[in-house]
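Worksheet: the structure to be examined is printed underneath.
Chains as they are written, first to last, in the numbering used here: chain A, 1 to 123; chain B, 1001 to 1174; chain C, 2001 to 2371.
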């Protein structure tokens, strides 16, 4: 709880600093006249051909869902890595090793399956 | 005093952002509101004295799940100026109102009527089980079996996702 | 923030100083990048304005200030303006959680106060830095979606997919170092890395006098993986696909100019500084000066001056890594997108997993490495 106050204060300071920069440039900068091409979305100098929203490849969805799964597995390894030495010092080194070994084996099986099923191919 | 102020700040952020998720017509902006809601919930975990859970909340939900939502929303065509039946239809409109009404009623009933045997126990912020080290020790001893089953469950999810994205007609079809 | 008024004042000054340190380093880094690139490519680079072209930074800042404020009509106003501000926040928050030097004491009004050389200390500092950095993807997504330009959107999507892919390798390469030191706290990790290299080999203590007790000697593979993943996380060459100018104009900041563009730069260099500081803290002893820390502590008159000297040591290490970032940019060509994804998922992730298992086996066999 005490740790939260400085984080909030710093966030506020940075946000204020950033907003100020954005605001300052709107005061100091010159105001040029309107031209039609200036206000078009930039497309290499040619008139725009497509609308700005394009459909996204399904691979982004696959990448994201695989990321979630592996991210959660890695997050479970963090408390394990943190207490690994404690378990060894208490004489349960083999136990805690095999607990995680099974987990990592499942992780690895999943990863190999993904690679072999070509879910991670980008072409 | 300070912790009450911080609590209300985060509660306000989460509620306002959650309202934005429900009411914004553009699905992409709606998903981005969800990020703010998650950050607010993470702050609430901090005020409860569970900073590790709060950080994991940001890492998993804001950093991963919502990016997935965003990709999923962007897979669909959004060229119709953001106004489409998904969020503006009459049925969804009433469904939203219905759900909001149910949830508000639930909260009000909690505030107005006290049910016997349903006393809410607020967690003790300084309880030792919130410390990561103790959390890990409990997880790898008492809940070891659950932990391995979770590993198995996490194996099933990507297999299902790959199978789904491979059905006929999809861009990933063979 | 602190119990007494004096503590609150010092902590606030410290916090602002660390934030300003980050912001002030950016023009110097831009200069280093331009002069360094010129040196590598056998050019001169900016050398006309002031000695060695150093006042070029001021000229650039003034130029940025007086650029026209412009927003494309197809953009979403709030997201377009919020994106550069959001780009600043993750770097600043993460940098503030890393100890930049030894703790120091100050006397005031007859009392002695202890201060840390960082804005705030968290028990799970490493997880905090990872969590905050993972929010960095939203600045790009805000910019990409808010600009209303298809190149911006494509750049932002690529960038976020790339960031999440390499976040796995990054997070997994840290498991080994966490296992060795058994802590989430940066300060404890730095204090465990002081003195000469010493570990227990099958019950016999081994001390190697001529090497420092740094993490790189315990986790060489983890260091390489972490180092490579930080390049992808910071969107630097050879992983700068989000702004591959041959394909995407300038990626997510195509529609930005002037100070808003500069803020994206501050964000990117802030991420680089965080990455360098993390590399220093995990693998190169943090603010530890090998074979000199003890001597300096005796020789220097106050703990505050000692702390400042140690801060210079830390910044020296950080600046070295920042120079490596520039160096690599002109050495390794840019990856293709499928090569990038293959490297992240099919090479670095399995290798990081192998590193984790190997570290676990070694720690359980040798029983006590490092601590």
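Glycine included, every Cβ here is placed at the ideal spot set by N, Cα and C. Please read all numbers here as calculations on a predicted model, not as lab measurements.
Could you check which residue in the options has the C-alpha nearest to that of residue i?
i, options, result
"residue 2032 of chain C", "C:2046, C:2253, C:2021", "C:2046"
"residue 2174 of chain C", "C:2161, C:2229, C:2201, C:2134", "C:2229"
"residue 2004 of chain C", "C:2109, C:2042, C:2227", "C:2109"
"residue 2042 of chain C", "C:2342, C:2330, C:2349", "C:2330"
"residue 2161 of chain C", "A:63, A:103, A:120, A:69", "A:63"
"residue 2006 of chain C", "C:2113, C:2232, C:2036", "C:2113"
"residue 1075 of chain B", "A:72, A:60, A:86", "A:60"
"residue 2191 of chain C", "C:2103, C:2124, C:2158, C:2168", "C:2103"
"residue 2321 of chain C", "C:2163, C:2300, C:2354, C:2277", "C:2277"
"residue 1051 of chain B", "C:2086, C:2123, C:2084", "C:2123"
"residue 1141 of chain B", "A:93, A:8, A:5", "A:93"
"residue 2349 of chain C", "C:2029, C:2036, C:2172, C:2083", "C:2172"
"residue 1152 of chain B", "A:120, A:19, A:118, A:69", "A:69"
"residue 2151 of chain C", "C:2300, C:2284, C:2255", "C:2255"
"residue 18 of chain A", "C:2023, C:2017, C:2354", "C:2023"
"residue 25 of chain A", "C:2283, C:2125, C:2301, C:2066", "C:2066"
"residue 2353 of chain C", "C:2057, C:2030, C:2169", "C:2169"
"residue 2053 of chain C", "C:2062, C:2028, C:2040", "C:2028"
"residue 110 of chain A", "B:1027, B:1061, B:1162, B:1009", "B:1162"
Taking the beta carbon of residue i as the centre, do at least 16 other beta carbons fall within 10 Å, making it buried, or is it exposed?
i, result
"residue 10 of chain A", "buried"
"residue 2044 of chain C", "exposed"
"residue 2196 of chain C", "exposed"
"residue 1109 of chain B", "exposed"
"residue 2107 of chain C", "exposed"
"residue 1146 of chain B", "exposed"
"residue 2064 of chain C", "buried"
"residue 1065 of chain B", "buried"
"residue 1154 of chain B", "buried"
"residue 2034 of chain C", "buried"
"residue 1093 of chain B", "exposed"
"residue 2266 of chain C", "buried"
"residue 2260 of chain C", "buried"
"residue 2312 of chain C", "exposed"
"residue 116 of chain A", "exposed"
"residue 1023 of chain B", "exposed"
"residue 2271 of chain C", "buried"
"residue 2363 of chain C", "buried"
"residue 2111 of chain C", "exposed"
"residue 2218 of chain C", "buried"
"residue 1033 of chain B", "buried"
"residue 1080 of chain B", "For residue 1080 of chain B, the predicted structure reports a pLDDT of 49, less than 50, and the residue's modelled location is therefore unreliable. The matter cannot be settled from this model."
"residue 1005 of chain B", "exposed"
"residue 1085 of chain B", "Annotation note: pLDDT 47 at residue 1085 of chain B (below 50); position unreliable, coordinate value reported separately. Looking at its Cβ environment, which holds fewer than 16 other Cβ atoms inside 10 Å, residue 1085 of chain B is exposed."
"residue 2050 of chain C", "exposed"
My assumption, with CB atoms under 8 Å, is that residue i sits in contact with residue j. Please give the rounded CB distance.
i, j, result
"residue 2189 of chain C", "residue 2280 of chain C", "Actually they are not in contact, since the Cβ atoms of residue 2189 of chain C and residue 2280 of chain C sit about 11 Å apart, beyond 8 Å."
"residue 2101 of chain C", "residue 2323 of chain C", "Not really, about 21 Å apart at Cβ, beyond 8 Å."
"residue 2019 of chain C", "residue 13 of chain A", "7 Å"
"residue 2225 of chain C", "residue 2351 of chain C", "6 Å"
"residue 2231 of chain C", "residue 2328 of chain C", "7 Å"
"residue 2089 of chain C", "residue 3 of chain A", "Not a contact, Cβ separation roughly 17 Å."
"residue 2128 of chain C", "residue 1055 of chain B", "5 Å"
"residue 2268 of chain C", "residue 2166 of chain C", "Actually they do not touch by this definition, with Cβ atoms about 15 Å apart."
"residue 2222 of chain C", "residue 2182 of chain C", "Not a contact, Cβ separation roughly 15 Å."
"residue 2142 of chain C", "residue 2093 of chain C", "Not quite, the Cβ-Cβ distance comes to about 17 Å (not below 8 Å), so this is no contact."
"residue 2252 of chain C", "residue 2155 of chain C", "4 Å"
"residue 1068 of chain B", "residue 72 of chain A", "Incorrect: roughly 12 Å between the Cβ atoms, too far for contact."
"residue 2099 of chain C", "residue 2186 of chain C", "5 Å"
"residue 2193 of chain C", "residue 2293 of chain C", "With 8 Å as the limit, residue 2193 of chain C and residue 2293 of chain C do not qualify as a contact, their Cβ atoms being about 11 Å apart."
"residue 2326 of chain C", "residue 2091 of chain C", "Rounded, the Cβ-Cβ distance is 18 Å, inconsistent with contact."
"residue 1073 of chain B", "residue 1031 of chain B", "6 Å"
"residue 2341 of chain C", "residue 122 of chain A", "5 Å"
I'd like to know if residue i contacts chain E, where contact means its C-beta is closer than 8 Å to some C-beta of that chain.
i, result
"residue 117 of chain A", "Although the question refers to chain E, the structure presented lacks it and instead comprises the protein chains A, B and C."
The region 2142-2162 of chain C touching the region 2061-2079 of chain C, judged by at least three CB pairs closer than 8 Å: yes
Assess contact between the region 2201-2217 of chain C and the region 2335-2346 of chain C, defined as three or more Cβ pairs (one per stretch) separated by less than 8 Å. Is contact present? no
So, do the region 1036-1048 of chain B and the region 93-101 of chain A have three or more beta carbon pairs nearer to each other than 8 Å? no
May I have a chain-ordered list of the alpha helix (DSSP H) segments no shorter than 4 residues that lie completely inside the region 2148-2229 of chain C? 2150-2181, 2186-2192
The region 2305-2323 of chain C touching the region 2125-2136 of chain C, judged by at least three CB pairs closer than 8 Å: no
Do three or more CB pairs link the region 2064-2073 of chain C to the region 2152-2169 of chain C at distances below 8 Å? no
Where in the region 2256-2311 of chain C do unbroken runs of the alpha helix (DSSP H), each at least 4 residues long, occur, reported from the N-terminal end onward? 2258-2283, 2293-2299
Ordered list of alpha helix (DSSP H) runs contained in the region 2077-2137 of chain C, each at least 4 residues: 2077-2096, 2125-2134
Let me know the alpha helix (DSSP H) ranges lying completely inside the region 2012-2079 of chain C, each 4 residues or longer, listed in chain order. 2056-2065
Can you check the region 1012-1091 of chain B for any alpha helix (DSSP H) of at least 4 residues that lies completely inside it and give the ranges in chain order? 1027-1047, 1051-1057, 1066-1075, 1085-1088
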